[in-house]
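Undergrad: Next up is a structure, given as structure tokens.
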Amino acid sequence: MRSLKTKKLLIIYNQDFNQDNHSDDTFAGDAARASILGVVSAVTRELSELKFSDITTKPIATLLELQSLLQKRHFDLVINLCESINQDSTTEVQVVKIIEQTGIPFTGNSAHTLSSCLNKYHCNELLRRQQISVPLSILIKRASDLQTLLAKEKENKVLPFPCIVKPNQEDGSTGIDFNAVVHDTAALKRQVETLLLQGKHSVIIQKYINGRELSVAILGRDPKLWAISEIDFKFQNPALPKILNYFSKWNQNSDEFYTTESRQAILSSKLRKAILDTAQKSAAILGLHSYGRIDLRLDEHEIPYIIDVNPNCDLDPLAGFAKSMRTKNLPYPQLLQKLLEVALSEHKVLHAEAAATAAATVVEIPSLGLLSENK
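The opening residue of the sequence shown carries number 0 in numbering that gives the first Met the number 0; numbering runs sequentially from there.
In structure tokens, the structure reads:
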């Protein structure tokens with residue numbers, strides 16, 4: 000069997016941004032997309048230093064380009080860092096579908112998992128139906144939905160104020176500023192209309208839980224490799240809502256970039272167990288088996304509520320995921336190697352599951368002309 004370090008690696012990534020002059024616009028998310036260049040550089044450099052000998056990097060502009068590349072050249076493993084095409088976050092799913100069709104192992108989660116998690120409302124409902132604690136959520140697809148909701152609110156007070164208003168299908172806090180937390184219908188109406196005017200696919204309104212914000216970094220299926228971190232808001236202006244907005248992640252000239260630090264969570268054994276149990280159940284429901292992040296908030300009774308699930312989270316060496324993995328004795332180079340090992344392991348699992356499914360399908364018995372199910 001060939002050594003992992005001699006395998007032909009293909010690193011794919013998006014380049015749907017202005018490389019020389021990307022903006023810091025909260026709603027466009029250009030700076031977030033542009034950050035992938037730093038990730039590609041770090042991944043390529045570290046793998047080269049680990050003596051991986053055959054690495055190809057390729058920006059992907061269209062789905063057809065990716066399909067052609069994978070058909071014309073042989074690769075043993077794809078490192079998928081492509082988060083969008085033409086600034087459309089929903090194409091992240093299509094990228095993985097194309098890779099899956101080739102049968103080549105790849106880093107990151109399946110198209111099914113990405114699709115389930117990218118749509119925040121759909122993800123919320125999947126978890127809620129399995130008795131996972133999630134905030135009350137309302138989906139707004141168009142302006143008429145908002146008018147209907149406001150009419151219901153006038154009659155029955157259905158909105159769980161305070162609420163947080165977010166794009167339903169964006170990552171990296173794109174579209175989230177401090178105005179996202181609203182306390183009345185007028186502010187909610189303004190924020191929803193702002194997002195719809197910015198061309199977001201849909202908007203999700205959620206009950207805002209004003210408790211500790213925690214994150215479970217997930218690597219593979221073994222929870223022993225999972226780490227819990229906490230966002231420290233103690234340096235933030237107390238008059239502002241305690242949230243990670245777009246600037247806190249992407250604008251180094253903003254105050255919030257420096258006042259929302261991620262650190263290792265200090266938890267009681269009981270609370271740690273509750274958080275990990277919730278994360279494990281959620282990962283199983285969503286099929287999150289490669290790497291990712293599950294974000295939670297604690298309510299006043301210390302019940303963990305899942306507020307977001309981010310499969311294929313940011314792999315920047317300075318981002319929260321890599322920092323969390325260092326607490327599990329996985330510095331960045333070893334984290335990358337582990338990601339490749341997980342990719343190959345998951346590929347074997349999927350093949351075994353496919354074989355088991357095929358063995359259990361209905362087959363014809365020629366001598367009797369009957370149908371029988373193999374078990």
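The C-beta atom is built at its ideal place from N, Cα and C for all residues, glycine as well.
Can you tell me whether DSSP reads residue 365 as helix, strand or coil?
TA: Model confidence at residue 365 stands at a pLDDT of 42, short of 50, so the residue's coordinates are unreliable and nothing is read from them.
Undergrad: What number of angstroms, rounded off, separates the C-alpha of residue 373 from the C-alpha of residue 348?
TA: Any reading at residue 373 must be qualified, since the residue scores a pLDDT of 41, below 50, and its modelled position is unreliable; no value is offered.
Undergrad: For residue 291, which beta-bridge partners are listed by DSSP?
TA: 217 and 310
Undergrad: Quick one: is residue 182 buried, meaning 16 or more other Cβ sit within 10 Å of its Cβ, or exposed?
TA: Exposed, since its Cβ has fewer than 16 Cβ neighbours within 10 Å.
Undergrad: According to DSSP, simplified to helix, strand and coil, what is residue 372?
TA: Here the model assigns residue 372 a pLDDT of 38, short of 50, so the residue's position is not dependable, and the following value carries that caveat. Reduced to three states, the DSSP call for residue 372 is strand.
Undergrad: Counting only the same chain and skipping the five closest in sequence on each side, list residues whose C-beta sits under 7 Å from that of residue 85.
TA: 15
Undergrad: Give a yes or no on whether the minimum CB-CB distance between residue 35 and chain C is below 8 Å.
TA: Checking the listed chains, one finds no chain C in this structure; it contains a single protein chain.
Undergrad: Using 8 Å for Cβ pairs, my map puts residue 320 next to residue 314. What's the rounded Cβ distance?
TA: 7 Å
Undergrad: If you reduce the DSSP assignment to three classes, tell me which class residue 0 lands in.
TA: With a pLDDT of 45 at residue 0, under the threshold of 50, the modelled position of this residue cannot be trusted; read the value that follows with caution. DSSP places residue 0 in coil when its eight states are reduced to three.
Undergrad: Among 106, 44 and 245, which has the Cα closest to the Cα of residue 26?
TA: The candidate whose alpha carbon is nearest that of residue 26 is 245.
Undergrad: Taking the alpha-carbon of residue 234 as reference, which of 260, 103, 223 and 209 has the nearest alpha-carbon?
TA: 260
Undergrad: Should the stretch 104-114 be called in touch with the stretch 77-94, which here means at least 3 C-beta pairs below 8 Å?
TA: yes
Undergrad: Here's a check: name, in chain order, each residue in its chain whose Cβ is nearer than 7 Å to the Cβ of residue 45, leaving out the five neighbours to either side.
TA: 331, 332 and 335
Undergrad: Report the residue from 217, 40 and 66 whose alpha carbon sits nearest the alpha carbon of residue 277.
TA: Ranking the options by Cα distance to residue 277, first place goes to 217.
Undergrad: Do you know offhand how far residue 6's Cα is from residue 54's?
TA: Computed Cα separation, rounded: 9 Å.
Undergrad: So, at 8 Å on beta carbons, what are the nonlocal neighbours of residue 132 in its own chain, with the 5 sequence-adjacent residues on each side left out?
TA: Cβ neighbours of residue 132 beyond the five flanking positions: 277, 302, 303, 304 and 305.
Undergrad: Is DSSP giving residue 276 helix, strand or coil here?
TA: helix
Undergrad: Check this for me: beta carbons of residue 101 and residue 62, under 8 Å apart or not?
TA: no
Undergrad: Using CA coordinates, which residue listed in 152, 162, 204 and 247 is at the minimum distance from residue 118?
TA: 204
Undergrad: Applying the 10 Å Cβ sphere with the 16-neighbour rule, what's the burial state of residue 294?
TA: buried
Undergrad: Can you grab the Cα-Cα spacing for the pair residue 386 / residue 71, in whole Å?
TA: With the chain represented from 0 up to 374, any question about residue 386 goes unanswered, as that position is not in the structure.
Undergrad: Assuming residue 167 contacts residue 120 (C-beta within less than 8 Å), just tell me the rounded distance between them.
TA: 6 Å
Undergrad: To the nearest angstrom, report how far apart residue 345 and residue 324 are at their CA atoms.
TA: 19 Å
Undergrad: Apply the 10 Å Cβ neighbour rule to residue 9 and answer buried if 16 or more other Cβ atoms are within range, or exposed otherwise.
TA: buried
Undergrad: Any idea what DSSP makes of residue 141, helix, strand or coil?
TA: coil
Undergrad: If you drop the 5 nearest sequence neighbours on each side, which residues of the same chain put their C-beta closer than 8 Å to that of residue 144?
TA: Only 138 meet the Cβ criterion.
Undergrad: Between the C-alpha atoms of residue 30 and residue 24, what's the straight-line distance to the nearest angstrom?
TA: In a straight line, the C-alpha of residue 30 is about 8 Å away from that of residue 24.
Undergrad: From 307, 311 and 342, pick the residue whose C-alpha is nearest to that of residue 165; which is it?
TA: 307
Undergrad: Rounded to whole angstroms, what's the CA-CA distance from residue 362 to residue 124? Just pull it up for me.
TA: A caution first: residue 362 carries a pLDDT of 47, below 50, which makes its placement in the model unreliable, though a value can still be read off. Cα-Cα distance, rounded: 36 Å.
Undergrad: What distance in whole Å lies between the Cβ atoms of residue 326 and residue 263, which are believed to be in contact at a cut-off of 8 Å?
TA: 5 Å
Undergrad: My understanding is that residue 69 touches residue 103, with C-beta atoms under 8 Å, so please give their C-beta distance in whole angstroms.
TA: 7 Å
Undergrad: Going by alpha carbons, who is nearest to residue 126 out of 285, 242 and 228?
TA: 285
Undergrad: Threshold first: 4 residues or longer. Then list the alpha helix (DSSP H) segments lying entirely within the stretch 232-286, N to C.
TA: Taken in chain order, the complete alpha helix (DSSP H) segments of 4 or more residues contained in the stretch 232-286 are 245-249 and 268-285.
Undergrad: On the criterion of 16 or more Cβ atoms from any shown chain inside 10 Å, does residue 291 qualify as buried, or is it exposed?
TA: buried
Undergrad: Which residue's Cα is closest to the Cα of residue 270: 241, 296 and 258?
TA: The shortest C-alpha to C-alpha distance from residue 270 to any of 241, 296 and 258 is the one to 296.
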